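Engineer: Residue numbers (the UniProt record's numbering), protein chains in the order written: chain A, 1 to 258; chain B, 1 to 258; chain C, 1 to 258; chain D, 1 to 258.
1) Along the chain, which unbroken stretches of the alpha helix (DSSP H) at least 4 residues long are found entirely within the region 102-127 of chain C?
2) Name, going along the chain, the residues of the region 72-95 of chain A whose beta-carbon falls closer than 8 Å to a beta-carbon of chain B.
3) Anyone know if the C-beta pair for residue 71 of chain B and residue 90 of chain B falls short of 8 Å?
4) Just checking residue 243 of chain A against the ligand SAM - is the residue's beta carbon closer than 7 Å to any of the ligand's heavy atoms?
5) Which residues in chain A have a C-beta closer than 8 Å to the C-beta of residue 66 of chain B? List them in chain order.
6) For residue 218 of chain B, return the contacting residues in chain A, with the cut-off set at a CB-CB distance below 7 Å.
7) What is the residue span of the beta strand (DSSP E) that residue 164 of chain A lies within?
8) Leaving out five residues before and five after residue 287 of chain A in sequence, what residues of the same chain have Cβ atoms less than 6 Å from its Cβ?
9) What is the DSSP secondary structure of residue 69 of chain B, reduced to helix, strand or coil?
10) Using alpha carbons as the reference points, say which of B:167, B:115, B:113, B:129 lies closest to residue 38 of chain B.
11) With 8 Å set as the bound, which would you pick, yes or no: does the beta-carbon of residue 103 of chain B sit closer than that to a beta-carbon of chain C?
12) Can you tell which of B:117, B:17, B:190, B:240 has the C-alpha that lies nearest to the C-alpha of residue 231 of chain A?
13) Look at residue 211 of chain C and residue 20 of chain C and say whether their C-beta atoms are less than 8 Å apart.
14) Would you mind stating whether residue 225 of chain C and residue 159 of chain D have Cβ atoms separated by less than 8 Å?
15) What beta strand (DSSP E) runs, 3 residues minimum, are completely inside the region 140-219 of chain B?
16) Give the DSSP-derived three-state secondary structure of residue 99 of chain C in the structure shown.
17) Is the CB-CB distance between residue 237 of chain B and residue 209 of chain B below 8 Å?
18) Which value, in whole angstroms, describes the spacing of the CA atoms of residue 213 of chain A and residue 26 of chain A?
19) Buried or exposed: where does residue 80 of chain B fall if 16 or more other Cβ atoms within 10 Å of its Cβ makes it buried?
20) Less than 8 Å between CB atoms is the rule here; does residue 120 of chain C satisfy it with respect to chain B?
21) Let me confirm a value: residue 23 of chain A is counted as buried when at least 16 other C-beta atoms fall within 10 Å, else exposed. Which label applies?
22) Does the separation of the CB atoms of residue 111 of chain B and residue 133 of chain B fall below 8 Å?
23) For residue 137 of chain D, go through chain A and note every residue whose CB falls closer than 7 Å to its CB, in chain order.
24) Using a 10 Å radius around the Cβ and a threshold of 16 neighbouring Cβ atoms, would you call residue 2 of chain D buried or exposed?
25) Write down the C-beta distance between residue 154 of chain B and residue 186 of chain B rounded to the nearest angstrom, noting that I regard them as a contact closer than 8 Å.
26) From D:207, D:234, D:220, D:221, pick the residue whose C-alpha is nearest to that of residue 217 of chain C; which is it?
27) Thinking C-beta only, is residue 169 of chain A closer than 8 Å to residue 184 of chain A?
28) So the candidates are C:101, C:8, C:105; which of them puts its Cα closest to the Cα of residue 174 of chain B?
29) Throw me the rounded Cβ distance for the residue 182 of chain C and residue 142 of chain C pair, which I believe falls under 8 Å.
30) Cα separation between residue 196 of chain D and residue 162 of chain D?
31) Alpha helix (DSSP H) containing residue 5 of chain C: first to last residue?
32) Am I right that residue 152 of chain D and residue 139 of chain D are in contact with their C-beta atoms under 8 Å? What's the rounded C-beta distance?
33) What are the boundary residues of the alpha helix (DSSP H) that includes residue 31 of chain B?
34) Between the alpha carbons of residue 223 of chain D and residue 164 of chain C, how many angstroms are there, rounded?
35) Note the first and the last residue of the continuous alpha helix (DSSP H) segment covering residue 88 of chain A.
36) So, at 6 Å on beta carbons, what are the nonlocal neighbours of residue 43 of chain A in its own chain, with the 5 sequence-adjacent residues on each side left out?
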C-alpha cells in the first residue's frame with residue numbers, strides 16, 4: 001500500500017507532527033499508535049530547547065519513522081534556506097518540509113518565497129516537501145523549481161476545518177496525476193483524512209487533531225484506521241453518487257446480479 | 001467497543017445489507033471482511049427465490065452475524081406487519097428491520113405507516129428496527145410506539161450522497177442521547193461512515209456502497225476501518241474547529257505543554 | 001409575476017411575519033418596504049394583548065396586505081383547530097397558517113397533528129397553509145387532507161440557517177410541480193430567499209431575519225429585491241454549473257454568437 | 001450606495017462582461033437592464049474583429065457605463081503589459097482589468113505574472129484591476145505592487161459554481177477592510193451575487209451567468225436586484241445564525257419589544 005517519493009518507499013500514508021502534546025511519553029505512544037512512517041519536527045523549537053533535541057531525536061529514531069525536519073516559523077526564503085541547511089547537518093537528512101509563512105494570523109504559505117527557496121534547496125540536493133496552498137499554478141511552479149512532492153493545505157494550520165476547497169484539491173489531483181500529493185494542515189477529524197485519501201491523495205500530514213484530542217493516543221489510532229480506510233476505498237472503486245434513489249433491495253427476483 | 005439493543009450486545013458497529021452483490025461468493029467474502037455483527041436480508045426477495053433462501057440463511061449463519069430480516073418493498077403498515085410475522089417464522093428471530101416505503105421514486109420511509117406498524121409489532125414482542133427519516137417528531141413517535149432503536153436515513157437508499165442534513169442528525173443525537181441510533185441508507189464512502197460515528201451515532205447500515213464497488217470485499221474492509229476510526233475518534237475527544245488559525249509549532253520554547 | 005392559491009392571486013412572493021419588531025411604527029414601515037401581499041399574525045399573542053389587536057389589525061389592513069392568522073403556540077390538532085375557528089371569527093378570513101409544534105426546543109412541525117388538523121379545517125372550508133417539514137410523504141398527506149398550498153421549512157424558526165436540506169426541497173419542488181410551495185422559516189439572509197425562488201419555490205415567508213436586523217425597514221427592502229431577483233432568474237433560465245472552466249472571453253473571433 | 005476606486009465614484013456594484021451574447025442588440029439591452037456602471041471588453045477579441053470595435057465602443061459609451069478593457073487571453077506579464085498599453089490608446093482609459101492566465105484548462109490567474117505586470121502598469125499610471133485568486137498573500141503582493149482594487153475569483157471563469165471557498169473570501173474581506181474588493185468570475189446565479197455583497201464585498205463582476213441565460217436581459221435585471229439586495233442587507237445588519245431554534249412568535253405577551 002506504499003508510495004514513493006524520490007525513490008524512497010513510504011510505508012504509511014499518515015505523516016504525524018510532533019508539536020503540542022501533553023508530554024513526551026504521550027507523543028511517543030501516539031507515534032507508535034499512528035503507525036506513521038514520517039514525523040515532522042520543528043527545527044527552531046529544537047534549537048530553542050536546552051538538551052531536549054537529542055532525546056527527542058533518539059525517541060523518534062527508536063520509532064522507526066523517518067524524520068522530516070521543517071522550517072516552521074520562517075518568514076522569507078532566505079531564512080528558510082538557512083534553517084534547512086542547519087537541519088541537514090543536525091538531523092543528517094536531505095529531507096526538508098519547507099514552510100514559509102506569509103501571514104501572521106492564518107500562518108498560510110507564501111507561494112512566492114516558497115518557490116524561491118525550493119529552487120535553491122532542490123539545487124543543493126534537498127528533497128523538498130513544500131507546505132503550499134491548493135493553487136494549481138503555484139504548485140506547478142514548485143514542481144518546476146525541483147520539488148517531487150507537494151503538500152497542499154486542506155485548511156489553515158490548527159483550524160481543524162477539514163478540506164475547505166474540495167474543488168481546488170480535486171483539480172490538483174486530476175491535473176498532477178503522477179506527483180505525490182500529501183494534504184498538510186487543516187485536517188480535524190478522521191473523516192477528513194479518509195476523504196482526502198478517497199479523492200486519491202497519497203497521504204495526509206496532521207498534528208493538532210491528534211495532539212489536541214482528549215486522548216491523543218486513541219486519536220492516533222483513529223486516524224491510522226481512517227487513512228487506511230480512505231486508501232482502500234480509493235483502490236476498491238467508489239460508487240457514483242446519484243441524486244435520486246434506486247432500490248438496492250429488489251422486491252422480487254434473485255438476490256445476485258448473475 | 002460494543003453497544004446494546006434490547007439487552008443484546010452488538011459487537012460491531014457496521015451492519016451490512018446483502019442485496020446486489022456480483023455473486024454469493026463475493027457476498028460471503030464481503031461479510032467476512034466487514035466484520036459485521038448484523039446482516040439484513042429482504043424477505044420478499046427470499047420468498048421469490050427458488051431454494052436460495054435456505055442456502056443463503058446457512059451462509060449468513062456460518063458468518064456468525066445476526067440476521068436482521070427486513071420488510072423492504074412494503075407500502076403499508078398492514079403489509080409490513082404480515083411480512084414481519086412471516087420473517088419471524090422463517091428466520092426464527094424476533095428482530096425485524098421495518099421498512100414501509102412512502103414514495104416509489106425516492107423509496108423514502110412513510111412515517112405514518114411506520115408508527116402504526118411499529119406499535120403492532122412491538123406489542124407482539126418484536127424488536128423493531130425502523131428505517132425512518134431524520135425527523136425528530138416522527139422518531140419520538142416511534143419510540144412511543146415501542147421501538148428501542150432507530151435507524152434514520154442519511155440520504156435515499158442507493159444514492160450514496162452521504163449525510164444530507166447534518167443539522168437534523170445532530171439534533172436527533174443530542175435529543176435522544178440514550179437511544180441506539182443507526183444511520184441507515186445513503187452512505188456512499190467510508191468518510192461518510194466515519195462522520196456518522198464521529199457525531200456519536202452508534203452504528204451504520206449500508207449495502208450499495210459495498211455491493212456496487214468495483215471490489216466489494218476490499219470496500220467492506222475499508223468501511224470496517226472507517227467505522228472503527230469514527231468511533232475511536234468520538235471516544236478520544238475531537239478537537240474544536242476554529243475559523244482562524246493558531247500555530248501548532250511554536251517557534252520558540254519547549255515542545256511539550258508541561 | 002404573481003401566483004394563485006385557491007383562486008386568489010397573490011401579488012407578492014414575499015410573506016412577512018409580524019413578531020418581535022422594535023416598535024409598531026417600525027413594523028408598519030417594514031410592511032410597506034417589503035411590498036408584501038400577505039402578513040401573518042399570531043392569534044394567541046393578539047388574544048393576550050389588551051386592546052392591541054384592533055389597532056394592529058387596522059394597521060395591517062391599511063397596508064393593503066392580506067392577513068394570514070397563524071396558530072403558533074399550539075401543541076395538538078385539537079388546540080389548533082379551536083384557535084383556527086376563533087381566528088376566522090376575529091379576523092374575518094378563512095385563511096389560516098396552521099402551526100402545530102412537535103418539539104419545544106426546535107419548534108418543528110408535528111406532521112401527525114398537522115394532517116389531522118388540516119383534514120378537519122379543510123372540511124370546514126378553511127384555506128389551510130400548513131407550516132410543515134420538507135418530508136415528501138408528509139406533504140403528500142397534507143395534500144390528501146385538503147391543503148392546496150404547502151409551507152415547508154428551510155430551517156428551524158428563528159435560526160437563520162437558510163436552506164438546510166436543498167436535496168429534500170428540490171425533491172418537493174420536482175415532485176409537486178403544480179402545488180404552490182412557500183418556504184417558511186429558517187431564512188436568514190436575502191441570498192437564502194433568492195436561492196429558494198431560483199429553485200422554483202413560489203414564495204418565502206420570514207419574520208426574524210427582518211425583525212432582528214439592526215435596521216428592519218432596510219432589511220425588508222433587501223428581501224423584497226432578493227425575492228424578485230430569484231424569481232426573475234428562475235424565469236430567465238439559469239446557466240448550468242460546470243465543474244471545470246470554459247473561457248467566456250474567446251481570445252479571437254467575433255464577440256457574438258451569431 | 002456607491003463606492004470609490006482611485007478617487008472615482010462607482011455608481012453601481014454590478015460590473016458586466018460583454019462576451020458571448022446572442023447578439024449585439026441583446027448585449028445592449030442587457031447592459032441597460034443591469035444598470036451597470038462598468039463594462040469589461042476583451043481587447044484581443046476587438047482586435048480580431050473587423051470593424052466591430054468601433055461600433056461596440058460607441059454602443060457601450062452610449063450606455064453611460066465606464067469601459068474596463070481586459071487582457072483576457074494573455075499568458076505572461078509581458079504580453080499583458082503590451083496589451084494594456086494598446087488598450088489605453090484604443091479606449092482612451094487608464095483603467096485595465098489585468099488577466100494573466102496560468103492554466104489553459106481552468107483559466108485561473110497566475111499570481112506570479114500578475115504581480116509583475118501590475119507593478120509595471122501601476123508605475124505607468126494605470127488603474128489596475130487584477131483578476132486574482134482568493135489567496136491573501138498574493139493579494140497583499142498585488143497591493144504592494146500598486147493595485148488599489150482587487151478582483152478575486154469566486155470560482156473558475158464560466159463555471160457558475162458560485163463562491164467555492166467562503167472561508168478564504170471572508171478572510172480577505174476581514175484582513176483588507178479598506179481595499180475595494182470585487183468578486184470576479186464563477187458567479188452563476190443571483191443568490192451567489194447577493195451572498196458576496198452580504199459578506200461585505202464591494203461589487204461583483206460577471207458575464208456568463210447573464211450571457212448564457214435563456215433570457216439575458218431578464219437575467220441582467222435579476223442580478224441587478226440581487227446585488228442591491230445583498231448590499232442593503234449588509235448595511236441593515238444581518239441576524240446571527242443560531243444552531244437551535246428560538247420562537248419568533250411568543251405565545252403570550254406583547255407583540256413588540258417595547
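For every residue, glycine included, the Cβ atom is placed at its ideal position computed from N, Cα and C. Please read all numbers here as calculations on a predicted model, not as lab measurements.
Structural biologist: Put simply:
1) 111-123
2) 72, 73
3) To locate residue 71 of chain B, count along the second chain from 1; it is residue 71. To locate residue 90 of chain B, count along the second chain from 1; it is residue 90. Result no, Cβ atoms of residue 71 of chain B and residue 90 of chain B do not sit closer than 8 Å.
4) The ligand SAM is not among the ligands present in this structure, which contains no ligands whatsoever.
5) Translated into the one-based positions of the second chain, residue 66 of chain B becomes position 66. Here the premise fails: no neighbours, minimum Cβ distance about 18 Å.
6) Along the second chain, read from residue 1 onward, the residue named residue 218 of chain B stands at position 218. Near residue 218 of chain B (Cβ distances below 7 Å), the residues of chain A are 232, 235, 236.
7) For this step, residue 164 of chain A is matched to residue 164 along the first chain. Where residue 164 of chain A is concerned, there is no enclosing beta strand (DSSP E), given that its DSSP letter is neither H nor E.
8) Nothing in the structure corresponds to residue 287 of chain A, since chain A is present only between 1 and 258.
9) Taking the first residue of the second chain as 1, we reach residue 69 of chain B at position 69. If DSSP states are grouped into helix, strand and coil, residue 69 of chain B belongs with the strands.
10) Taking the second chain and counting its residues from 1, one reaches residue 38 of chain B at position 38. The option with the nearest alpha carbon to residue 38 of chain B is B:129.
11) In the second chain, counting from the first residue as 1, residue 103 of chain B sits at position 103. It does; some Cβ of chain C falls within 8 Å.
12) What you label residue 231 of chain A is simply residue 231 of the first chain in a count that begins at 1. Closest by alpha carbon: B:190.
13) On the third chain, position 211 is the one that residue 211 of chain C refers to. On the third chain, position 20 is the one that residue 20 of chain C refers to. Closer than 8 Å, so yes.
14) Against the third chain, residue 225 of chain C aligns to sequence position 225. Against the fourth chain, residue 159 of chain D aligns to sequence position 159. Cβ distance not < 8 Å, so residue 225 of chain C and residue 159 of chain D don't count as in contact.
15) 182-184, 203-206
16) As a working note, residue 99 of chain C is residue 99 in the third chain. Coil at residue 99 of chain C, not helix or strand.
17) Residue 237 of chain B sits at position 237 when you count from the first residue of the second chain. Residue 209 of chain B sits at position 209 when you count from the first residue of the second chain. The answer is no: Cβ separation not under 8 Å.
18) By one-based count along the first chain, residue 213 of chain A stands at place 213. By one-based count along the first chain, residue 26 of chain A stands at place 26. The straight-line gap from Cα to Cα measures roughly 11 Å.
19) As a position in the second chain, residue 80 of chain B is number 80, starting the count at 1. So residue 80 of chain B ends up on the buried side.
20) Locating residue 120 of chain C in the third chain gives position 120, where the first residue counts as 1. Output row for residue 120 of chain C: interface = no.
21) What you label residue 23 of chain A is simply residue 23 of the first chain in a count that begins at 1. The residue is exposed, with fewer than 16 neighbouring Cβ atoms inside 10 Å.
22) If you number the second chain from 1, residue 111 of chain B lands on position 111. If you number the second chain from 1, residue 133 of chain B lands on position 133. The answer is yes: Cβ separation under 8 Å.
23) Numbered from 1 along the fourth chain, position 137 holds the residue referred to as residue 137 of chain D. Within chain A, the residues near residue 137 of chain D are 102, 103, 108, 110, 111.
24) Start at 1 with the first residue of the fourth chain, and residue 2 of chain D comes out as number 2. That one is exposed.
25) For this step, residue 154 of chain B is matched to residue 154 along the second chain. For this step, residue 186 of chain B is matched to residue 186 along the second chain. Their Cβ separation, rounded to whole angstroms, is 4 Å, which keeps residue 154 of chain B and residue 186 of chain B in contact under 8 Å.
26) Residue 217 of chain C sits at position 217 when you count from the first residue of the third chain. The shortest C-alpha separation from residue 217 of chain C is found at D:234.
27) Along the first chain, one-based indexing puts residue 184 of chain A at 184. Along the first chain, one-based indexing puts residue 169 of chain A at 169. Not in contact: residue 184 of chain A and residue 169 of chain A (Cβ atoms no closer than 8 Å).
28) Here residue 174 of chain B refers to the residue found at position 174 when the second chain is read from its first residue. Residue 174 of chain B has its Cα closest to that of C:105, out of C:101, C:8, C:105.
29) Along the third chain, one-based indexing puts residue 182 of chain C at 182. Along the third chain, one-based indexing puts residue 142 of chain C at 142. In fact, because the Cβ distance is near 13 Å, the residues do not count as touching under 8 Å.
30) For the purposes of this step, residue 196 of chain D is taken as the residue at position 196 of the fourth chain. For the purposes of this step, residue 162 of chain D is taken as the residue at position 162 of the fourth chain. Answer to the nearest angstrom: the Cα atoms are 9 Å apart.
31) On the third chain, position 5 is the one that residue 5 of chain C refers to. Unbroken run through residue 5 of chain C is the beta strand (DSSP E), 3-5; no alpha helix (DSSP H).
32) The count along the fourth chain starts at 1 and reaches residue 152 of chain D at position 152. The count along the fourth chain starts at 1 and reaches residue 139 of chain D at position 139. Their Cβ separation, rounded to whole angstroms, is 7 Å, which keeps residue 152 of chain D and residue 139 of chain D in contact under 8 Å.
33) For this step, residue 31 of chain B is matched to residue 31 along the second chain. Note, residue 31 of chain B: alpha helix (DSSP H), 24-34.
34) For the purposes of this step, residue 223 of chain D is identified with residue 223 of the fourth chain, where counting begins at 1. For the purposes of this step, residue 164 of chain C is identified with residue 164 of the third chain, where counting begins at 1. If I take the Cα positions, the gap works out to 24 Å.
35) Residue numbering aside, residue 88 of chain A sits at position 88 when the first chain is read from its first letter. It spans 77-91 - the alpha helix (DSSP H) in which residue 88 of chain A sits, taken as one unbroken run.
36) In the first chain, residue 43 of chain A corresponds to position 43, counting from 1. Cβ within range, chain order: 69, 83, 87.
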